[in-house]
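A.B. asks: Residue numbers for the sequence shown follow my numbering, beginning at 21 and rising by one.
We put the CB at the ideal spot given by N, CA and C, even for glycine.
Since the model is a prediction, treat every value here as computed from it, not as a measurement.
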Amino acid sequence: MSSADADDRRRRRPTGPAPRLTLDTPVTYLKGVGPARSAMLARLGITVAGDLLRHVPHRYEDATTVTRINDASVGADVTVLGQVIAKGVLPTRKGLRVFQAVLQDASGMLELAWPGQPFLDRQIEKGDWLLATGPVRFFHGRRLQPREFVNLGPEEEGTGEGRVLAVYPSTEGLSVRVLRALVLQHLDALLPLVEEPLDAALLAAADVPPLREALRMVHRPQSVAEAHRGRARLAFEELLCVQLLHRRANQVTRTARGGRAFVNRRQLTSQLRASLPYQLTHAQVRAVREIVADMGSARRMHRLLQGDVGAGKTVVAVFAALLAMENDAQVAFMAPTELLAEQHARSIGALLGPLGIVPVLLTGRLGARERREALTRLAQAGPVLAIGTHALLQDGVTFADLGLVIIDEQHRFGVEQRAQLSAKGAHPDVLLMSATPIPRSLALTLYGDLDVSVLDERPPGRQPVTTVVRPEAGRAKVFEFLAAQLDAGRQAYVVYPLIETSEKVDLKAATTMFDALVQGPLAERRVALLHGRLAADERDDIMRRFLAGDIDVLVSTTVIEVGIDVGNASVMVIEHPERFGLSQLHQLRGRVGRGAAQSYCILLGDVGTEAAERLALFASTEDGFAIARADLEMRGMGDLFGAKQHGLPAFRIADPLRDEALNETARVLAEQLLQRDPLLEAPAQRGLRHLLTVGYGRALELFAIG
Ligand code: ADP
Ligand code: MG
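1. Here's the rule: buried if 16 or more other CB atoms are within 10 angstroms of the residue's CB, otherwise exposed. What is Glu523?
2. Tell me, to the nearest whole angstrom, how far the beta carbon of Arg709 is from that of Leu700; I am working on the premise that it is less than 8 Å.
3. For Tyr80, does the three-state DSSP call read helix, strand or coil?
4. Rounded to a whole number of angstroms, what is the C-alpha to C-alpha distance between Gly279 and His266?
5. Between the Cα of Glu358 and the Cα atoms of Gly330, Gly369, Gly408, which residue gives the shortest distance?
6. Does the ligand ADP have even one heavy atom less than 6 Å from the beta-carbon of Thr456?
7. Can you check whether the CB of Ala331 is closer than 7 Å to the CB of Leu475?
8. Under the assumption that Leu694 contacts Leu264 (Cβ atoms under 8 Å), give the Cβ distance between them as a whole number of angstroms.
9. What ranges does the beta strand (DSSP E) occupy inside the stretch 183–224, keeping only unbroken runs of at least 3 residues that lie completely in it?
10. With DSSP run on the structure shown, which of helix, strand or coil describes Arg240?
11. Is the Cβ-Cβ distance between Thr614 and Asp643 less than 7 Å?
12. Under 6 Å Cβ to Cβ from Ala16, same chain only, skipping five residues before and after it: list those, please.
13. In the DSSP assignment, find the alpha helix (DSSP H) that holds Gln705 and state where it starts and stops.
14. Which residue wins for smallest C-alpha separation from Thr289, given the options Val312, Met592, Gly250?
15. Let me check you understand the geometry: is the CB of Thr67 closer than 6 Å to at least one non-hydrogen atom of the ligand ADP?
16. So, do the stretch 361–381 and the stretch 282–299 have three or more beta carbon pairs nearer to each other than 8 Å?
17. Go through its chain and collect everything with a Cβ distance to Gly304's Cβ below 6 Å, but skip five positions before and after it.
18. Rounded to whole angstroms, what is the Cα-Cα separation between Asp27 and Asp82?
19. Could you tell me if the beta carbon of Ala331 falls within a distance shorter than 6 Å of some heavy atom in the ligand ADP?
20. For Pro517, count neighbouring Cβ atoms within 10 angstroms of its own Cβ and tell me buried if that reaches 16, exposed if not.
21. Examine the Cβ distances between the stretch 244–264 and the stretch 220–234 and report whether three or more of them are shorter than 8 Å.
22. If you follow the alpha helix (DSSP H) that Ser58 is in, where does it begin and where does it stop?
23. Are Gly387 and Pro379 closer than 7 Å when you measure CB to CB?
24. Counting only the same chain and skipping the five closest in sequence on each side, list residues whose C-beta sits under 8 Å from that of Leu550.
25. For the alpha helix (DSSP H) containing Lys333, name the first residue and the last one.
26. At what residues does the alpha helix (DSSP H) containing Met315 begin and finish?
27. Going by DSSP, which residues form a beta bridge with Arg117?
28. Measuring alpha carbon to alpha carbon, tell me which of Thr87, Thr191, Ala221 ends up nearest Ala702.
29. Does the separation of the CB atoms of Ile622 and Val498 fall below 7 Å?
30. Quick one: is the Cβ of Gly54 within less than 6 Å of any heavy atom of the ligand ADP?
31. Going by C-alpha to C-alpha distance, which of Arg306, Asp125, Ala349 sits closest to Ala401?
32. So which of Leu223, Ile66, Trp149, Glu691 has the shortest CA-CA distance to Ala106?
33. CB of Tyr620 to nearest heavy atom of the ligand ADP: below 6 Å?
34. Would you check if there are 3 or more beta carbon pairs closer than 8 Å linking the stretch 630–641 to the stretch 504–518?
35. Does Asp97 come out as helix, strand or coil in the three-state DSSP assignment?
36. For Phe501, name the three-state secondary structure that DSSP assigns.
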C-alpha cells in the first residue's frame, strides 16, 4: 500500500476499539483495506466482510500443469510461469500495436505477445510474475500468444506445483492480485462465521457440499474440479431460491384471488380489426387470441409477449387495451423512455383515430396544465388509454379503475416498478412485452409464473437487411457507400462499442472517432454524437432531431433506443463488431430496415477467426431466436442481457442454461419441499426462509414472512 494511502487511513479510519469481526463488519475495518480501497471494493459491490466471501472467482488458472519454458514447443498449447525481464509496445506494419513481454523461468526465456492490446503496458511491469496460457507459435523464434494470463505481481506467491489460482472480477485500481491476497488473508477468520442455511437432508439430496466448505473450495481450491464443486453449491442455492419463489407463486395464483373477467363484446376490437391498414400475421392472431382468453378468465393475466424487434407487438397490445376499454376499464401503457412513449402515443393514436379514441400521454415533459388535464382524465371513471413513462408511477397519478397494465421493454424496469404500476389498480391484468429473444424454456425459468406468447413471424413486405463484414482495409469504400446513401436522402448510424463502465480499453473512443469522421468522410454532413454520458433529455433531444431528419448521421455508442423507429435510416456501420454479443448486434441492426428502402448493416474491422465465424453466422440470418441461442451457447447469459438490464432474478453465480442439470435438481427439490411444507415453516427450513427474505423482496408476501 502506498504511504499516501496509509496516511489517508490513519486520518479517516473510525477511531476507538475495532468491533468484533462479523460478516457484517464494514470492509474498511479489515486489515489491508483503507478508504481508497474500500471505495474500489464498493464498486464491486463489496461493502461488508461477508461480501468478500461472496465475491466469487470467475475463472481459475491451473498452475498444477505448468510447462517449463524450455519445454514449450511450437504448436503446443501450454501454461507457463515466469518473471517479466523485458517489455514494450511495438507497432506492426498493419498499424496494429502489439504488447510484448519476455518471460523467464529457471529453464529459459520465451516471448509473449498480445496483438492489439497496448494498454497492457500499463498493467504489466518488469519484475512481475506472470502465469500465461496459450498456443506457442513460430515468429522469429518461439512466441506464446496468451489466451489468458494472471499477473502475480513482483513477489512470486509460491505458485509452485499444486496451486490453483483464483481469478476474481476486478476493477480499475484494484488488481486481481490484490483482491486475491485480500480474500486469502481473511478467509480463515471469516469462514467460521458462516452459518449453514440449508438443511442437511437437502444438501445430501442435491449432492452439494456445505456452505463453509464450498466457500473454501471456490477461494482456495486444491484442484480445478474442487473449485467447480464449490461453485456448484453456490449456484444451487440461487437456483433453489428462485425455483421456490416461482413454485410458490404458482401455488398462490392457482388457488387465490382472481383478476376480473373481461367480456369480449367485440365492439372496439372489431372496429380496430376492420380499420387496420394491414392484415395481422398468424402469430399476431394467435397472441391476441391467447390474451383475450386470459383476460376473459377470472384468473389474473400475467403474460409476456415476446417478439423480435419489428415483429409487431404494439398492435397486439392495442387489442388487449381495447378489450379492457370496451369493459369500461382503464389501461396504463408504460415505456422506458419519453421518446418511446411519445412514439407509441403517436402511432397508437393513428391506429385508434378511426375509433375516435385519443390516448392520454403522461411523461415528465408535460407542462403543469397538460399534466393536470391528463391526471383529471385518469381519475375520472370511464375507458382511458394512458401512455407514459415512469411518470405513470408517481404518487399523484390515480386511476379511477385500472384494469390492464401493459409494460413495453419490460426488462428495462425493475420488479418493483412493475409492481408499483399494478398497485394503482385492483389486481389489474398484466401484459409485459420484450424484444429480448430468449428461448421459451429459459423464459419460464426466469419468469416462472408468467405465461408466454411468442411472435415468431414478421409482418410481410419487409425487406431483409443486407449484412456484410468488411475489413479495415475497406474503410474508405464503406464510407463512400454511406455517403452515397446520404446523397440519396437516407440517414445512417455509426456505432461504437464503448461500454460505459469499461476499464480504459484502448478502443477508438466514440468521441475521437466522431472528430475524425466529422473532419474526414462526413465533413459537410449533419452529424451528432450520442453516448451514455449525456443526460437523458439531451439524448432524447438528439434522437428527436434524428427522427425529424435534422441529423444525417448519428454516431453512437450502444445507447441508441431499442424500439425507436426511424424509417428513413438505411445504413448502420458497426465498428469493432467482435466486441458485441450477437444478440446485441441483432438489436442494433433492428434500427435499420424499418422503412421501404433496402437497408444495410456493415460490420467494419479486422477480427480474429473465431469472431469471424460468429459474425458470419450473424450476417447469414435475421432470426433473433436463432441468434440468441447461438449467443447463449457461446457467451452465456450475462452477456445476452447486458449488465444494465433489470428485471431478472438475481443470479450472481448460477446460469440456468449452463447449469441446466443443477437447475433441474433445484426444481424437483423445490417442488418436493413445498408439497410437504408450503410456507417452509419447519425448523429445518429456517435458514432457507432467511435466505429468501434477505435476497428476494417477493418472498415476504409469498411465504407469509413477518
Ligand atoms: P415491435 O414488435 O418491435 O414493437 P412494432 O409494433 O413497433 O414492432 O411494429 C413494427 C412495424 O410493423 C410498425 O410500423 C407496425 O405498424 C408494423 N406492423 C405491425 N404488424 C403488422 C402487420 N401485420 N402487417 C404489416 N405491418 C405491421
Ligand atoms: Mg416495440
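C.D. replies: In brief:
1. To locate residue 523, count along the sequence shown from 1; it is residue 503. Here the model assigns Glu523 a pLDDT of 39, short of 50, so the residue's position is not dependable, and the following value carries that caveat. Burial call: exposed.
2. Along the sequence shown, one-based indexing puts residue 709 at 689. Along the sequence shown, one-based indexing puts residue 700 at 680. Indeed, because the Cβ distance is near 5 Å, the residues count as touching under 8 Å.
3. Position 60 of the sequence shown, counted from the first residue, corresponds to residue 80. In this structure, Tyr80 counts as strand in the three-state DSSP scheme.
4. Sequence index remark: in the sequence shown, residue 279 carries index 259 (1-based). Sequence index remark: in the sequence shown, residue 266 carries index 246 (1-based). Gly279 and His266: Cα-Cα distance of roughly 19 Å.
5. What you label residue 358 is simply residue 338 of the sequence shown in a count that begins at 1. Selected option, being the one with the closest Cα: Gly408.
6. Reading the sequence shown from its first residue, position 436 is the one you call residue 456. Thr456: no, Cβ never under 6 Å from the ligand ADP.
7. Reading the sequence shown from its first residue, position 455 is the one you call residue 475. Reading the sequence shown from its first residue, position 311 is the one you call residue 331. Taking 7 Å as the Cβ cut-off, Leu475 and Ala331 qualify as a contacting pair.
8. The residue given as residue 694 occupies position 674 in the sequence shown. The residue given as residue 264 occupies position 244 in the sequence shown. Right, the Cβ-Cβ distance comes to about 7 Å (below 8 Å), so this counts as a contact.
9. 184–187
10. Against the sequence shown, residue 240 aligns to sequence position 220. Coil.
11. As a working mapping, residue 614 is identified with position 594 in the sequence shown. As a working mapping, residue 643 is identified with position 623 in the sequence shown. Note that residue 614 is Arg in the sequence shown here, rather than Thr. No, the pair does not count as a contact, with Cβ atoms beyond the cut-off.
12. The structure shown does not extend to residue 16, since the chain is modelled only from 21 through 726, so no value can be given for it.
13. One-based indexing of the sequence shown puts residue 705 at position 685. Where Gln705 is concerned, there is no enclosing alpha helix (DSSP H), given that its DSSP letter is neither H nor E.
14. Position 269 of the sequence shown, counted from the first residue, corresponds to residue 289. Residue Val312 is the option with its Cα nearest to Thr289.
15. Here residue 67 is taken as the residue at index 47 of the sequence shown, counted from 1. No, Cβ of Thr67 sits at least 6 Å from all heavy atoms of the ligand ADP.
16. yes
17. Along the sequence shown, one-based indexing puts residue 304 at 284. Looking at the sequence shown, residue 304 is not Gly but Gln. Contacts found: Gly332, Val336.
18. Taking the first residue of the sequence shown as 1, we reach residue 27 at position 7. Taking the first residue of the sequence shown as 1, we reach residue 82 at position 62. Since pLDDT at Asp27 reaches only 46, below the 50 mark, its modelled position is unreliable, and the value read off the structure follows with that caveat. Near 38 Å, if we compare the C-alpha coordinates of Asp82 and Asp27.
19. Taking the first residue of the sequence shown as 1, we reach residue 331 at position 311. Yes, since a heavy atom of the ligand ADP falls inside the 6 Å radius drawn around the Cβ of Ala331.
20. For the purposes of this step, residue 517 is identified with residue 497 of the sequence shown, where counting begins at 1. That one is buried.
21. yes
22. As a working mapping, residue 58 is identified with position 38 in the sequence shown. Its alpha helix (DSSP H) spans residues 55–63.
23. For the purposes of this step, residue 387 is identified with residue 367 of the sequence shown, where counting begins at 1. For the purposes of this step, residue 379 is identified with residue 359 of the sequence shown, where counting begins at 1. Result no, Cβ atoms of Gly387 and Pro379 do not sit closer than 7 Å.
24. Along the sequence shown, read from residue 1 onward, the residue named residue 550 stands at position 530. If we look at Leu550 and ignore the five residues flanking it on each side, its Cβ neighbours are Arg559, Ile562, Met563, Leu574, Val575, Ser576, Thr577, Val579, Ile580.
25. Along the sequence shown, read from residue 1 onward, the residue named residue 333 stands at position 313. Lys333 -> alpha helix (DSSP H) spans 333–345.
26. Translated into positions along the sequence shown, residue 315 becomes position 295. Its alpha helix (DSSP H) spans residues 302–316.
27. Within the sequence shown, residue 117 is the residue found at index 97, counting from 1. Bridge partners of Arg117: Pro111.
28. Residue mapping note: residue 702 aligns to position 682 of the sequence shown, counting from 1. The shortest C-alpha separation from Ala702 is found at Ala221.
29. Your numbering for residue 622 matches position 602 in the sequence shown. Your numbering for residue 498 matches position 478 in the sequence shown. Yes; because the gap between Cβ atoms is below 7 Å, this pair is in contact.
30. Position 34 of the sequence shown holds residue 54. Checking the Cβ of Gly54 against the ligand ADP gives no.
31. Locating residue 401 in the sequence shown gives position 381, counting from the first residue. Nearest of Arg306, Asp125, Ala349 to Ala401, Cα basis: Ala349.
32. For this step, residue 106 is matched to residue 86 along the sequence shown. Closest by alpha carbon: Trp149.
33. Against the sequence shown, residue 620 aligns to sequence position 600. No; taking the cut-off as 6 Å, the Cβ of Tyr620 has no heavy atom of the ligand ADP nearer than that.
34. no
35. The residue labelled residue 97 in the question sits at position 77 within the sequence shown. If DSSP states are grouped into helix, strand and coil, Asp97 belongs with the strands.
36. For the purposes of this step, residue 501 is taken as residue 481 along the sequence shown, with counting starting at 1. Phe501 falls in the helix class under three-state DSSP.
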